[in-house]
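In the numbering used here, the protein residues as written are 14 to 182. Virtual Cβ for every residue (Gly too), placed ideally from N, Cα, C. As the structure is a computational prediction, the values presented were derived from the model and not from experiment. Scroll down for the structure; my scribbles are underneath it.
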Amino acid sequence: MTQSVVYPAMDDVLPAAEQAEPGAVAPAVQQNAAIPSKLLFGVLPIRRVIPQDVHSVLDYANGFMVAMAGLSSSRREAKIAGVMLGASVISVSLLTDYRLSLAKLIPIEMHEALDYAWSASVIAAPFVFGYTKRAPLAAMVQIATGAATILGSMFTDYRAARGSMQSAT
Numbered sequence: 014m015t016q017s018v019v020y021p022a023m024d025d026v027l028p029a030a031e032q033a034e035p036g037a038v039a040p041a042v043q044q045n046a047a048i049p050s051k052l053l054f055g056v057l058p059i060r061r062v063i064p065q066d067v068h069s070v071l072d073y074a075n076g077f078m079v080a081m082a083g084l085s086s087s088r089r090e091a092k093i094a095g096v097m098l099g100a101s102v103i104s105v106s107l108l109t110d111y112r113l114s115l116a117k118l119i120p121i122e123m124h125e126a127l128d129y130a131w132s133a134s135v136i137a138a139p140f141v142f143g144y145t146k147r148a149p150l151a152a153m154v155q156i157a158t159g160a161a162t163i164l165g166s167m168f169t170d171y172r173a174a175r176g177s178m179q180s181a182t
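Laid out in structure tokens, this is it:
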């Protein structure tokens, strides 16, 4: 059985007892396992070990954390940047093609690319808007959240819930 480094063989994912019986795995897991996302830029030479559902919960938590860090600051620019960046990632998450969203409008590949862009924006915001020294706690939380999101995204096994925006190859 030939598998890529990114997507493990089913033997590596499910115990033999679950593979032998059709329907032994929850339907949502079977559905997700059938529709892997395409690789970002066609290549990512690392094994993806963070499940999509864990990543989606972290998306919402990261958006909330960035917004709250901004709101806890006394600096107006930190508040605006935090709320805008937090709301943007939560909005994207609510519209992404994964299980913990309201509507499946954004393909998972686009969500992954947006994760990287959002993370870079969160890291850059304190420097661009000049509140790094005036609101150091908000800046530190936002920079750390952006860096953690980049790392988390690199190791997330992105899977589409419906796959309606992509071909299931």
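Which value, in whole angstroms, describes the spacing of the CA atoms of residue 45 and residue 90?
Working through the sequence shown from its first residue, we reach residue 45 at position 32. Working through the sequence shown from its first residue, we reach residue 90 at position 77. Any answer about residue 45 is weak, because its pLDDT of 44 lies below 50 and its placement is not dependable; what the coordinates show is given next. Computed Cα separation, rounded: 40 Å.
Quick one: measure Cβ to Cβ for residue 98 and residue 138, integer angstroms, because I've assumed they're closer than 8 Å.
Taking the first residue of the sequence shown as position 1, residue 98 is located at position 85. Taking the first residue of the sequence shown as position 1, residue 138 is located at position 125. That pair is a contact at about 6 Å.
When DSSP labels each residue in this structure, what does residue 110 get in the three-state scheme?
Along the sequence shown, read from residue 1 onward, the residue named residue 110 stands at position 97. Reduced to three states, the DSSP call for residue 110 is coil.
For residue 170, write down the residues that DSSP places opposite it in a beta bridge.
Counted from its first residue, the sequence shown places residue 170 at position 157. Answer by DSSP bridge pairing, in chain order: 64.
Where does residue 87 land, buried or exposed, given buried means 16+ other C-beta within 10 angstroms?
Position 74 of the sequence shown, counting from 1, holds the residue named residue 87. Its Cβ having fewer than 16 others within 10 Å, residue 87 is exposed.
Compare the Cα-Cα distances from residue 194 to each of 145, 118, 113 and report the closest residue.
Any answer about residue 194 is impossible in this case: the structure gives the chain only from 14 up to 182.
Decide yes or no for the touch test of the stretch 140–158 against the stretch 108–117: beta carbon pairs closer than 8 Å, at least 3 of them.
The stretch 140–158 vs the stretch 108–117: no contact.
The alpha helix (DSSP H) that contains residue 129, what's its start and end?
Walking along the sequence shown from the start, residue 129 turns up at place 116. Segment 121–141, the alpha helix (DSSP H) holding residue 129.
Contact check, residue 106 vs residue 69 under 8 Å by CB: the rounded distance?
On the sequence shown, residue 106 is found 93 positions in, with the first residue counted as 1. On the sequence shown, residue 69 is found 56 positions in, with the first residue counted as 1. Indeed, because the Cβ distance is near 6 Å, the residues count as touching under 8 Å.
Taking the beta carbon of residue 60 as the centre, do at least 16 other beta carbons fall within 10 Å, making it buried, or is it exposed?
Here residue 60 refers to the residue found at position 47 when the sequence shown is read from its first residue. Looking at its Cβ environment, which holds fewer than 16 other Cβ atoms inside 10 Å, residue 60 is exposed.
In angstroms, rounded to a whole number, what distance separates the CA positions of residue 63 and residue 167?
Counting from 1 along the sequence shown, the entry for residue 63 is found at position 50. Counting from 1 along the sequence shown, the entry for residue 167 is found at position 154. One C-alpha to the other measures close to 9 Å.
Nearest to residue 140 by alpha carbon, out of 161, 103, 130, 153?
For the purposes of this step, residue 140 is taken as the residue at position 127 of the sequence shown. It is 153.
Within 10 angstroms of the Cβ of residue 67, are there 16 or more other Cβ atoms? Answer buried if so, exposed if not.
Numbered from 1 along the sequence shown, position 54 holds the residue referred to as residue 67. Counting Cβ neighbours within 10 Å, residue 67 comes out exposed, since fewer than 16 surround it.
Can you tell me the Cα-Cα spacing of residue 76 and residue 121, whole angstroms?
The sequence position of residue 76 within the sequence shown is 63, counting from 1. The sequence position of residue 121 within the sequence shown is 108, counting from 1. Cα to Cα, the separation comes out at about 18 Å.
Taking 8 Å as the limit between beta carbons, can you name the residues of its chain near residue 156, skipping five residues before and five after?
Working through the sequence shown from its first residue, we reach residue 156 at position 143. 135, 136, 139, listed in sequence order.
Rank 170, 130, 80, 119 by C-alpha distance to the C-alpha of residue 160 and give the top, closest one.
By 1-based counting over the sequence shown, the position of residue 160 is 147. Measuring from the Cα of residue 160, the nearest candidate turns out to be 130.
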